[in-house]
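Worksheet: the structure to be examined is printed underneath.
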C-alpha cells in the first residue's frame, strides 16, 4: 500500500531480460530502507525488491506487468517516481494507492497555468466511471486531484512542488503514463452493481 507521495526520483541503471525483466535503479535510499522482498512503487507499479545496496536496488517485472504498464518503454537513464511501502504510523498525505495499475493513458495537452502545469490526458473508456471531478487518481505513482473530467479527456494541475519532486513536470505531449484509479471509486462502483 502506498500514498502517492513520491519520496525520490530514481534513475534506471540497467535493464536485462532473463525469464522476466530485471531492472536496476539508482536512488538516494539507503540499503536499510531497501529490504529484499519488500514492495516499492516504481512510477506506479508495485514491484518487489530482489537485490539492494546503498543507493541502488533491483526489481523483477513479469510479462503481465509489462503488458499493463509503460515499463516496456523504460531505458537506461530513464527517470522514475519512487515510493517505499506504507508502514503503520506513516502519514497518509495523498490517497490510498495499491500499485495495481489499471492501464496506460496518453498526455494530449500541456499548458502553463500561473505556477502550475495543467495536464490533459486522453480518457480511457473503461475507466471513465472512476474519474470524477475532484476525485483522486494516481498518474505514474503520483496522487493527484482530478480538476475536470469529460467524455474524451480529463485534466489535473501539477503544482510547483510536484513539478520539482516528481517526473510529471517533464512529461511531453504524446507520452504514455501509468494510471491507477481510486480504489474507493472502484469499490463503490462494484457495490452499485448489486443494488
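Residue numbers (my numbering): 3 to 197. For every residue, glycine included, the Cβ atom is placed at its ideal position computed from N, Cα and C.
What residues are listed by DSSP as bridge partners for residue 28? 13, 58
Out of curiosity, what's the CA-to-CA distance linking residue 10 and residue 72? 19 angstroms
Residue range of the unbroken alpha helix (DSSP H) whose run includes residue 78: No alpha helix (DSSP H) contains residue 78, which DSSP labels as neither H nor E.
Please confirm whether residue 4 and residue 101 have their CB atoms less than 8 angstroms apart. With contacts defined as CB atoms closer than 8 angstroms, residue 4 and residue 101 qualify as a contacting pair.
First and last residue of the uninterrupted beta strand (DSSP E) at residue 120: 118 to 124
Applying the 10 Å Cβ sphere with the 16-neighbour rule, what's the burial state of residue 7? buried
So, at 6 angstroms on beta carbons, what are the nonlocal neighbours of residue 94 in its own chain, with the 5 sequence-adjacent residues on each side left out? 5
Might you give, ordered along the chain, the residues of its own chain that have their beta carbon closer than 7 angstroms to the beta carbon of residue 155, omitting 5 neighbours on each side? 110, 122, 123, 124, 125
Within 10 Å of its beta-carbon, does residue 47 have 16 or more other beta-carbons around it, so buried, or fewer, so exposed? buried
Measuring CA to CA, which of 99, 115, 82, 146 is closest to residue 88? 99
Using 10 angstroms around the beta-carbon of residue 66, count the other beta-carbons present and answer buried if the total reaches 16, otherwise exposed. exposed
Near residue 61, what residues of its chain come up, given a Cβ to Cβ distance below 8 angstroms and the 5 sequence neighbours on each side ignored? Residues of the same chain with a CB within less than 8 angstroms of the CB of residue 61, apart from the 5 flanking positions on each side, are 24, 25, 27, 42, 44, 49, 50, 51, 52 in chain order.
When the Cβ atoms of the segment 170 to 188 are set against those of the segment 135 to 144, are three or more pairs found closer than 8 angstroms? Contact annotation: the segment 170 to 188 touches the segment 135 to 144, with at least three C-beta pairs closer than 8 angstroms.
Three-way DSSP call (helix, strand, coil) for residue 164 in this model: helix
Give me the Cα-Cα distance between residue 150 and residue 20, rounded to the nearest whole angstrom. Cα atoms of residue 150 and residue 20: separation of roughly 43 angstroms, rounded to the nearest angstrom.
Cβ atoms of residue 171 and residue 165: under 8 angstroms apart, would you say? yes
Does residue 181 come out as helix, strand or coil in the three-state DSSP assignment? strand
Should residue 129 and residue 96 be called a contact, given that it needs their Cβ atoms to be closer than 8 angstroms? no
According to DSSP, what are the bridge partners of residue 2? Outside the shown range of the chain (3 to 197) lies residue 2, about which nothing can therefore be said.
According to DSSP, which residues form a beta bridge with residue 108? Per DSSP, the beta-bridge partners of residue 108 are 178.
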